[in-house]
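Colleague: Numbering (the working numbering), first residue to last: 16 to 175.
For glycine and all other residues, C-beta sits at the position ideal for the given N, C-alpha and C.
Computed from a predicted structure; not experimentally measured.
My questions will all concern the structure given below.
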């Protein structure tokens, strides 16, 4: 998915950095795509209509702070491929250092086996936002999660 540029308080924002991309994880081709939640937040009454984005069927409102944090998101995901993924409910989470801050940048996503011959796994980033601290979650290595997803195997989640 791609989004049109927007102007907010005289500043033009583009979204090229959130174009879908392919990365290789342990020999597997992983297609990474982003939802609007990484740069937008829940719509509230009074939010300007021109700052609204649709994330599927859900309206969101542009957030300059989330947008700023999203600038390094593709690189951060690629860099995190040698680390761990955490499980929270049905979502998977990367815990990254907050860009320019003391909190934890939680990147929530889903990973599914791809039906396309171009990719082994599709990773859809659902959300990315700062949390004040790390929350306990079971973990597994990024490589194991991708491999198990591609091969249809059960992931062995380790408790901390």
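I'd like to know if the stretch 31-47 and the stretch 123-134 are in contact, where contact means that at least 3 CB-CB pairs between them fall below 8 Å.
Modeller: Three or more beta-carbon pairs drawn from the stretch 31-47 and the stretch 123-134 are found closer than 8 Å, and the two stretches are therefore classed as touching.
Colleague: Cβ of residue 40 within 8 Å of Cβ of residue 96?
Modeller: yes
Colleague: Is residue 54 helix, strand or coil when you go by DSSP?
Modeller: coil
Colleague: Is the Cβ-Cβ distance between residue 143 and residue 122 less than 8 Å?
Modeller: Result yes, Cβ atoms of residue 143 and residue 122 sit closer than 8 Å.
Colleague: Have a look at 163, 153 and 35 and flag the residue whose alpha-carbon is nearest the alpha-carbon of residue 12.
Modeller: Residue 12 lies beyond the range of the chain shown here (16 to 175); nothing can be said about it.
Colleague: Kindly list the residues whose CB is nearer than 6 Å to the CB of residue 172, restricted to its own chain and excluding five residues on each side of it in sequence; keep chain order.
Modeller: 102, 153 and 155
Colleague: Within 8 Å, do at least three Cβ pairs link the stretch 52-61 to the stretch 78-94?
Modeller: yes
Colleague: To the nearest angstrom, report how far apart residue 93 and residue 137 are at their CA atoms.
Modeller: 14 Å
Colleague: Excluding five sequence neighbours on each side, which residues of the same chain lie with their C-beta closer than 6 Å to the C-beta of residue 106?
Modeller: 123
Colleague: Assuming residue 77 contacts residue 21 under a Cβ cut-off of 8 Å, what Cβ separation, rounded to an integer in Å, is found between them?
Modeller: Correct: roughly 6 Å between the Cβ atoms.
Colleague: Just mark residue 64 as buried or exposed, buried being the case when its beta carbon has 16 or more other beta carbons within 10 Å.
Modeller: Its Cβ having fewer than 16 others within 10 Å, residue 64 is exposed.
Colleague: Secondary structure at residue 130, three-state DSSP: helix, strand or coil?
Modeller: coil
Colleague: Taking residue 165 as part of the alpha helix (DSSP H), name the residues at either end of that continuous run.
Modeller: Segment 157-166, the alpha helix (DSSP H) holding residue 165.
Colleague: Would you decide whether residue 164 is buried or exposed? Buried here means 16 or more other CB atoms lie within 10 Å of its CB.
Modeller: When all chains shown are included, residue 164 counts as buried.
Colleague: Need the endpoints of the alpha helix (DSSP H) that residue 67 sits in, please.
Modeller: Not the alpha helix (DSSP H): residue 67 falls in the beta strand (DSSP E), residues 67-70.
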